[in-house]
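Numbering (this note's numbering), first residue to last: 716 to 1654.
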C-alpha cells in the first residue's frame, strides 16, 4: 500500500442521488486494480455484479464477513468495510459512506479506513457533505469535490396510509411496526416488500427486486434503506421519527432524516418525503428546510479505536484498545460487541492463565471479531467465542468439525414463520463467517459451500414467507391493471377452468359463469369481477360462437331432483326450461352470464338451444309431440282432440276411469285414430309404450316441471317395473300406479290384465262334442258309470308373471280386482271370476216390457252382465258360476186348463227385432265374444 502522501486523495461529498458510487466504479474500472469498501454486504454484491459485467468474473473478487469469492488472478475487489484488506497493494481505493464513522458500533472501522486505506494511484472518499470539515482536518491532503443532487427533493406533507402514492417507501424503526404497516398495505394495496437489517442479504435483495419489478408498489423498511440501496422510490413516508439506538429512544438527527428521505427520486426524477399521520408531531419547519436544501449541521467528530493493538499480553491488548485518540476530531469509540466480549472473557481463569501467550492473546482477539449476528448479547455470545478460542489454541488449532456439522444440521429446517427463519439465517451467518477462514477450520472450502447453500435455502424460504404474509400479488396486479387503459395483461384459461391474469389466478370459468376464487377476501370480489369482465370478453365471444355452431353432442339435459330442469353445454349450465305455450314447447331462459353477451350472440344461442330441445323431443318423446300436434289439428274429431289434450296435459298418460266416458262415446271410426298414434288403451290406463323409456321419462319430467314452474321430482331407477315405495309425483311421471302397498309400471299392469283375460277366455271355451256312435262309458272303469266330480268354481290365473315382476300376493290380488276380477271360494284355491268394472259404461236402464212389449214379470237382458241370455235364447253362465235352470213361475203343475209354455228354443224368430250390436273389434272382449259365438254354433 502506498503511503498517505504519495497518492492523490479525493473526497467526493454531497447528498444522496449525486452519482458518487457510480463515479467510484468508473474510476475503479479505469485503473489496473483496485478495491472499494461498502457499508452493506448486499451493496457490495450489487457493485460486484456490475464490475463483473465490465471486467469478467475471473478478475473480480468479493470479500465479506460471510462470503468470499477470490479468483486467483482477481485484480478488483469489492467488500464490506470490515473485510477490506487494507494491506493489499492496489491502484485505486474507494471508501463509501464515510459519514458512518459517527456510528457507535462500526464507526471506528470507517474512520480507520478513511485514515489508513490508500491506493497507489488514487483514493476516493465518498460521503455526506456534513463531513467536509472533518475530512479537511483529518485528511488535509484530500481534494474535496462537492456534487449537487441530480433531482429535487421536496416535502409532501402528511397523508393516510391508504392514500400513499404508488412507488412509496414507508420507514419504521422496529420489526413489529414494519410488520403491522406491511399487513395494512396488503389489505389496502395488495402488499409491500419488506427491507430490514435483520434480513439476510439474499432475502433483502429478493424483496427489493420484487419492488423494483413492480410486483408491489410499496416498500416498508427500517433505516437500512438509507445505507446506499439504489431503489426506484418516488416518495418516502416516515411512520416514526424516533428510534432506539441501543442505549436510549431518541429523535432522528437531521442527517439521518436526510439520508433516509434522500432515497426518494433517482437520477433526474424528483422525489418527495412526508409522514404517515403525525408521528411525534411530524417534521418541524427547520427540519423540512434543512432536508429540502441539503443544509446539514457539520459533523464535529468521528469514532476511533486503535487499529493495531499489541498482543504481548492480555493487559496490553486491553490497554491498547482503550487508548484515547490523539486528534481532537476523533472520539474514543463506545464499547462495541467485540470489546464487550473481550472484557467478559478477560475475567475467565483459563484466559487469564494464558494471558502472557502472544498467540493465545492474538487468537482471542481474532475470535472476539466474530459478529453477533443472532443479537444474543455479549455474555451469551462470549460462550461461543470462548469455545472457538479453546479449539484455536489447542491441538492443531482447528475448530471441531463434528461440532460444526451438528450445528449446521440443526439449522437445516426451511419450515417455520418469519421470525424462526430469520433466527436460523442469523445462526447460519455465524457459521458462514467461521467457514470463510481457512486457518480456523479444516476443509474450509467444503464447509463454505454447505453453509452458503443452507443460507440460500433459508433466505428463499424467508422471502417466500414474507411474500405470503405481506403480499397479495393478485390484488396488487388487479389494482395496477385497473389503472391501465388500453394495456391488456395476458389472460389464460386452464383446462380446469382456472382463469389467470398475468399468471395470477383470479377465479374459475365454468361455461359462461365466472366465479371468484374462494380464497379471495370479500373486499376483493369487486376488483376480481371487474378484471374478469375486462379480460374474458374475447374468451366469452369465442365460447358463444362455439355453442351456437356446435352439435348436439355438446349439449345435455340436466335433471337433478329438487332443481329446475336445465340445459348444460360441456357439463356447464347455460339455460333453464320454463313454462311455454304448450307442454312440448317450453320457454328457454338463458343464464344471466350469457345475457351480458352481444345481442346477436344471445339470439344465436337461444335459437341453438331451441333446436336442441326440439331434436331431443323428436327423438325421445315423439309420441307426446304427435299427441300435441293432433290435439291442435282442427281436422281431428273433437272427441279425439279432447282425449289427446288430456293425455298431453298428463305427460302422455291418463287413467282410463278419467276418460272412460269419452272412450264409450267415441264412434267406431274414431278409436282407430288413437291406435294410429300408437296409444295403448289398457284396462286401467291409456299410455304410449315409448314414453316409458328412461330418457323419455327424463324429458317428460323436465317438461312437466317447466310447465308447472316447479322442480324435478325424484324418479325411480332406470328399468324398474316395481317399487315398494317412493315419491308419488316421480312415480306417477315414470308411469307407475299404486298396486297394493307398492307401485307397478302401467305397461306391466296391462300385461297382467291381458294374461288374466286370456285365462278367462280359455276357461269359457267349451270342450269339443263327443264323436257320434262312440261308447258312452269309460273303459277304464269296467263299463260302469262313474259319478262326475263337479269342476271347481271360477278359473285359475297363473301367478308366475306377477311373481317375476316382484308383486306379492296382496298386490296381485288388489290388481286383479282393479281389472274387474273377483276371487271365488277359498283364497288358497286362487280361483277367479269376471265381474266387470263396476260403474264403467253405466247407462240408464229401461225395462224391456215397456219398450218392446215384454211380458209382465220378465226382466230385460242387462248389458254387460256375464249371465245375460244370448240372442239365441241360450243362457250363458258367467265365468266360475254354474248355470241354473229358470223356474216356470207362470203356472204351477196340476192346475186345470194350463198348458206348458213352449220351449224357448222353439220360439219363432222375430223378423222385426233389431239385431244387437256386437262388441267393438278393438275391444279386449272381442275375442271372448267370438269364442262364445263358436261355442253356440257347436251346441
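Note that beta-carbon positions come from the ideal geometry of N, C-alpha and C, so glycine has one too.
Remember, it's a predicted structure, so these values are computed and weren't measured experimentally.
Among the options, which residue has its Cα nearest to the Cα of residue i?
i            : options                   : result
residue 1450 : 960, 1416 and 1337        : 1416
residue 1229 : 1216, 1543, 1237 and 1248 : 1248
residue 742  : 1389, 727, 731 and 754    : 727
residue 934  : 876, 974, 967 and 1028    : 876
residue 868  : 1453, 951, 783 and 806    : 951
residue 1054 : 1162, 1021, 1544 and 1509 : 1021
residue 1421 : 1544, 1475 and 1278       : 1278
residue 1289 : 824, 827 and 1272         : 1272
residue 1153 : 1177, 1131, 1122 and 1111 : 1111
residue 1106 : 1155, 1283 and 940        : 1155
residue 1400 : 1530, 1344, 1429 and 1104 : 1530
residue 1276 : 846, 1245, 1361 and 1431  : 1431
residue 1323 : 1284, 1308 and 1477       : 1284
residue 729  : 844, 1533 and 750         : 844
Compute the beta-carbon to beta-carbon distance between residue i and residue j, rounded to the nearest angstrom, for a pair I have assumed lies under 8 angstroms.
i            : j            : result
residue 1049 : residue 819  : 5 angstroms
residue 1186 : residue 901  : 7 angstroms
residue 776  : residue 789  : 4 angstroms
residue 1379 : residue 1332 : In fact, because the Cβ distance is near 32 angstroms, the residues do not count as touching under 8 angstroms.
residue 1338 : residue 1367 : 7 angstroms
residue 939  : residue 899  : Residue 939 to residue 899, Cβ: 21 angstroms. No contact.
Return the bridge partner residues of residue i from the DSSP annotation.
i            : result
residue 776  : 792
residue 933  : 883
residue 1459 : 1437 and 1452
residue 808  : 750 and 838
residue 859  : 726
residue 1046 : 1018
residue 1396 : 1401
residue 1230 : 1223
residue 1510 : 1547
residue 966  : 957
residue 989  : 872 and 952
residue 1370 : 1400
Residue i lies in the beta strand (DSSP E); which residues open and close that run?
i            : result
residue 1301 : 1300-1305
residue 838  : 837-842
residue 1366 : First-last for residue 1366: undefined, no H or E at that position.
residue 1296 : 1287-1297
residue 950  : 950-953
residue 869  : 868-874
residue 1272 : 1270-1273
residue 845  : Taken as a continuous stretch (DSSP letters only), residue 845 belongs to no beta strand (DSSP E), as it is neither H nor E.
residue 1547 : 1546-1549
residue 1224 : 1219-1225
residue 909  : 908-910
Three-state secondary structure (DSSP) at residue i?
i            : result
residue 1026 : coil
residue 864  : coil
residue 784  : strand
residue 750  : strand
residue 999  : coil
residue 826  : helix
residue 924  : helix
residue 1536 : strand
residue 1282 : strand
residue 983  : coil
residue 854  : coil
residue 957  : strand
residue 1213 : strand
residue 903  : helix
residue 1409 : helix
residue 888  : coil
residue 1206 : strand
At which residues does the alpha helix (DSSP H) containing residue i begin and terminate?
i            : result
residue 1101 : 1093-1107
residue 1162 : 1159-1185
residue 1082 : 1073-1083
residue 766  : 756-770
Counting only beta-carbon atoms, is residue i nearer than 8 angstroms to chain B?
i           : result
residue 934 : Reference to chain B is not applicable here, since this structure consists of a single protein chain.
Regarding residue i and the ligand NAD, is the C-beta to nearest heavy atom distance less than 7 angstroms?
i           : result
residue 796 : The ligand NAD is absent from the structure shown, which contains no ligand whatsoever.
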